[in-house]
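Notes to accompany the following structure.
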Amino acid sequence: MTAKAPGPHPPPTAEQQALLPLVRDEWVGHGLAAGPTDRAAAEAGVRDVYLGAGRRPPDQVIWLGSPMAGSIGADIRAGRRSLITRRAWRTLPEATGEAIAETVPEDPPETDLIMLDPLPSDLDDPRWGGLLHRLGREVATAVEKGLDKSVGTAIDQVAATWQDAEQRPEVGALPRLGAYPPRMLRQLAQLSFLDRCGIRDPDLHSRGLLQVERSAGAWWPMRNSVILTERPIELHHDAEGRLHNEHGPAVRYPDGWCLWAWHGVTMPREIIEDEVPIARAVSLRNTEQRRCAVEMLVGRAGWHQVVSEAGWPRVGQETPDPGNPGQVLSLWCVESLYDDHLHLLLMTNGTVERDGTRREFGELVPGWIRDPVRAAAWQVGLTAAQYRQTSRRT
Amino acid sequence: MILLSNVRSEGSDLAHLAAELDIPTIAGLQHQGDVSVIPAAMASPDYQPAVTQVPASGIAVVHGEAGGHTHLLLASGDVRYEAAHGAADDITLGSLEVGDGATAWLDHPEHGNTGIAPGRYVLRRKREMAPRVLDPEARRKREQARKQARKQAARDQAIREQAAREQEWNASVRFVAD
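Line by line, the protein sequences give chains Y and F. All residue numbers for the first sequence refer to my numbering, where the first residue is 4 and numbers rise by one. All residue numbers for the second sequence refer to my numbering, where the first residue is 55 and numbers rise by one.
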């Protein structure tokens with residue numbers, strides 16, 4: 004360990020504290036970077052990582068186009084080619100799959116990932132601990148929300164499961180190297196901050212780690228070979244920094260691997276890109292995906308179309324809206340949508356919008372209410388009889 | 055759309071403008087988007103005497119945030135409003151008293167203006183149920199239960215089909231007579 008000032012450190016100065024947002028933005032930027040990688044810099048970083056850990060740099064440096072390809076590649080290196088699931092291959096275009104199979108050699112098989120061990124990134128000093136902790140947390144949350152969590156889940160979802168292991172014992176016996184590797188952005192941002200503050204110089208190993216993370220995507224360091232992957236070429240977020248794209252993939256990698264997402268929830272491709280029947284979208288098995296699909300369809304087609312095609316049972320009679328001559332209130336049972344005993348009250352706005360249409364609302368009411376007027380009255384804490392006296396609704 | 059809230063002036067001007075805009079003044083129950091003006095007789099437990107005079111700049115009954123709009127209470131004459139001191143999730147916003155000869159307006163950029171006739175009112179906000187957020191464990195259990203139900207249904211179907219097939223065989227069986 005090469006600490007500049009041995010022993011207790013002075014408390015952080017105002018200038019050092021002012022560095023924190025800069026370092027945070029820099030590392031969130033690295034974590035969510037899109038565009039081409041700097042292959043030479045990444046390979047130099049890899050060399051430092053191995054040399055700094057007292058290892059021989061890897062003989063084979065393999066570049067692949069996406070984390071999914073990297074995961075498959077790492078599994079091929081581990082001698083698990085026949086155990087890679089069809090689900091995993093199918094997420095990639097056929098040409099990409101063939102290219103991976105050609106690029107990644109199977110022999111000699113790797114047995115494990117090398118251990119990455121950067122310098123400790125805390126100082127055992129409460130005056131620094133708060134700052135470092137905040138920095139690490141902010142970087143990690145922003146990157147997880149904006150990319151890592153969805154990518155990691157997508158990769159781990161297509162891995163061989165225990166059901167596969169029951170049929171083929173090799174699944175459990177051979178090491179699985181293709182799991183999505185933890186990205187260590189938390190520690191690296193903290194190390195980079197300590198370096199910028201002049202408190203602690205990173206050693207060769209840590210410098211290598213910093214450089215790889217600055218110039219490439221996810222990577223799999225093994226004993227004699229390393230798999231490095233490209234960064235996304237397209238990355239779309241919503242205002243809250245979650246993966247989101249209404250019309251196409253939210254993440255696209257240069258080898259054609261894509262993820263589709265609606266406000267942070269990964270969705271099947273056809274729900275986002277194709278005009279799927281509403282009945283199909285509302286019967287997705289995943290609760291979150293189902294809710295998101297309905298939210299999306301309501302934005303596209305409106306509540307009326309969604310309830311009429313979703314096949315949800317109607318509750319009670321359609322009733323004229325007391326405050327809105329000519330409009331009706333209706334109630335629908337949406338238990339299958341929310342897994343909860345809830346009814347949906349559908350109503351139409353009193354005011355005509357600027358484009359000449361009336362805005363429709365669907366709002367949730369408790370499932371014990373079986374009359375639309377009673378439901379509207381419940382929303383403002385009145386009885387149905389009182390609500391019927393409404394003189395105006397806009 | 056012309057909004058009263060764009061006119062920053064004394065009450066008399068507001069009344070003038072409201073008359074020109076022909077905003078109907080209503081004494082009964084009315085709803086403006088997610089805010090309801092309820093005559094105090096319908097919601098007497100929530101009514102509390104209103105003391106604070108509504109200033110010329112108006113009172114924001116609901117602050118517009120997260121994509122919503124502000125509902126602004128404007129007054130001409132003796133109009134008093136008292137915000138409820140309830141919790142944030144209380145549906146009652148406050149109490150409104152419009153004195154004789156005075157008028158209050160609720161102003162909203164999307165829903166337009168509504169006029170409120172002299173009387174006592176309770177202002178309430180519309181509520182709705184939030185769908186339950188399932189934690190991963192509960193979701194897993196639920197999905198497992200569904201899977202079991204699907205399997206059970208498939209098994210029952212197979213048993214029924216088998217029974218039907220057997221019945222068919224039985225119908226076409228005859229004894230061998232030799």
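C-beta: ideal position from N, C-alpha, C; glycine also.
Residue range of the alpha helix (DSSP H) that includes residue i
i, result
"Y:TRP131", "129-146"
"Y:VAL310", "306-313"
"Y:HIS33", "17-34"
"F:GLN107", "Unbroken run through F:GLN107: none, as it is neither H nor E."
"F:SER130", "Note, F:SER130: premise wrong, no alpha helix (DSSP H); beta strand (DSSP E) at 125-130."
"Y:GLU173", "173-176"
"Y:ALA72", "70-80"
"Y:TRP1", "Coverage of chain Y is limited to positions 4 through 397, which leaves residue 1 of chain Y absent and any answer about it impossible."
"Y:HIS344", "Careful: Y:HIS344 lies outside any alpha helix (DSSP H) and carries neither H nor E."
Anticipated Cβ contact below 8 Å, residue i with residue j, distance rounded
i, j, result
"F:ILE80", "Y:ARG395", "6 Å"
"Y:ARG27", "Y:VAL161", "Y:ARG27 to Y:VAL161, Cβ: 33 Å. No contact."
"Y:VAL146", "Y:LEU188", "6 Å"
"Y:LEU23", "Y:LEU138", "6 Å"
"Y:GLU321", "Y:SER311", "Contact doesn't hold; Cβ gap of about 12 Å is too wide."
"Y:ILE230", "Y:LEU67", "6 Å"
"Y:HIS12", "Y:ASP167", "The pair is not a contact, with the Cβ atoms about 51 Å apart (cut-off 8 Å)."
Residue interval of the beta strand (DSSP E) (run including residue i)
i, result
"F:PRO93", "89-93"
"Y:MET270", "268-270"
"Y:ARG288", "Y:ARG288 -> no beta strand (DSSP E), and no H or E assigned at all."
"F:ASP161", "157-162"
"Y:THR332", "The question names Thr, but residue 332 of chain Y in the sequence shown is Leu. Taken as a continuous stretch (DSSP letters only), the beta strand (DSSP E) holding Y:LEU332 covers 331-336."
"F:TYR175", "173-179"
"Y:VAL383", "Careful: Y:VAL383 lies outside any beta strand (DSSP E) and carries neither H nor E."
Sub-9 Å separation of residue i and residue j beta-carbons
i, j, result
"Y:SER69", "Y:ASP258", "yes"
"Y:ALA282", "Y:SER153", "no"
"F:VAL152", "F:ILE170", "yes"
"Y:TRP223", "Y:LEU180", "yes"
"Y:LEU348", "Y:VAL368", "yes"
"F:ASP154", "F:HIS125", "no"
"Y:GLU243", "Y:GLY267", "yes"
"Y:LEU213", "Y:SER195", "yes"
"Y:TYR89", "Y:GLU109", "Residue 89 of chain Y is actually Arg in this sequence, not Tyr. No."
"Y:TRP315", "Y:VAL337", "yes"
"Y:ASP41", "Y:SER218", "yes"
"Y:GLU237", "Y:ALA44", "no"
"Y:ALA182", "Y:ILE158", "yes"
"Y:ARG294", "Y:GLY48", "no"
"F:LEU150", "F:ALA104", "yes"
"Y:GLY251", "Y:ARG234", "no"
"Y:THR99", "Y:ALA56", "no"
"Y:ARG226", "Y:ASP120", "no"
"F:ILE92", "Y:VAL355", "no"
"Y:GLY365", "Y:TRP306", "yes"
"Y:ASP343", "Y:GLY319", "no"
"Y:GLY82", "Y:LEU177", "yes"
"Y:THR397", "F:THR157", "no"
Given residue i as reference, the closest of the options once Cα atoms are compared
i, options, result
"Y:ILE75", "Y:ASP128, Y:ARG317, Y:ALA387 and Y:ALA163", "Y:ALA163"
"F:ILE77", "F:GLU220, F:GLY166 and F:ARG178", "F:GLY166"
"Y:PRO328", "Y:GLN392, Y:ALA242, Y:LEU300 and Y:GLY359", "Y:GLN392"
"Y:THR269", "Y:TRP165, Y:LEU150 and Y:ALA168", "Y:LEU150"
"F:ASP100", "F:ALA208, F:ARG179, F:ARG214 and F:GLU197", "F:ARG179"
"F:VAL133", "F:GLY118, F:GLU222 and F:SER111", "F:SER111"
"F:ALA137", "F:ALA212, F:ILE145 and F:SER130", "F:ILE145"
"F:ILE113", "F:ALA231, F:GLN202, F:ALA95 and F:LEU177", "F:LEU177"
"Y:LEU126", "Y:GLU363, Y:GLN292 and Y:ILE202", "Y:ILE202"
"Y:TRP131", "Y:THR114, Y:THR144, Y:PRO14 and Y:GLU233", "Y:PRO14"
"F:GLU164", "Y:GLY251, Y:ASN352 and Y:ALA388", "Y:ASN352"
"Y:GLN20", "Y:PRO61, Y:GLU46, Y:ARG199 and Y:GLU113", "Y:ARG199"
"F:SER98", "F:ARG174, F:ALA218, F:ALA231 and F:GLU215", "F:ARG174"
"Y:TYR256", "Y:TRP30, Y:PRO60, Y:LEU35 and Y:THR16", "Y:LEU35"
"F:ARG181", "F:GLY82, F:THR106 and F:LEU147", "F:LEU147"
"Y:ARG288", "F:ARG196, F:LEU127, F:ALA217 and F:GLU222", "F:ARG196"
Residue environment, residue i, which counts as buried when at least 16 other CB atoms sit within 10 Å
i, result
"Y:LEU25", "exposed"
"F:GLY87", "buried"
"Y:MET118", "exposed"
"Y:GLY175", "exposed"
"Y:GLU173", "exposed"
"Y:THR156", "exposed"
"Y:LYS7", "In this prediction, Y:LYS7 has a pLDDT of 49, which is less than 50 and means its spatial position is unreliable; what the coordinates show is noted afterwards. Looking at its Cβ environment, which holds fewer than 16 other Cβ atoms inside 10 Å, Y:LYS7 is exposed."
"Y:GLU113", "buried"
"F:ALA192", "exposed"
"F:GLU220", "exposed"
"Y:MET4", "Since pLDDT at Y:MET4 reaches only 44, below the 50 mark, its modelled position is unreliable, and no value is offered."
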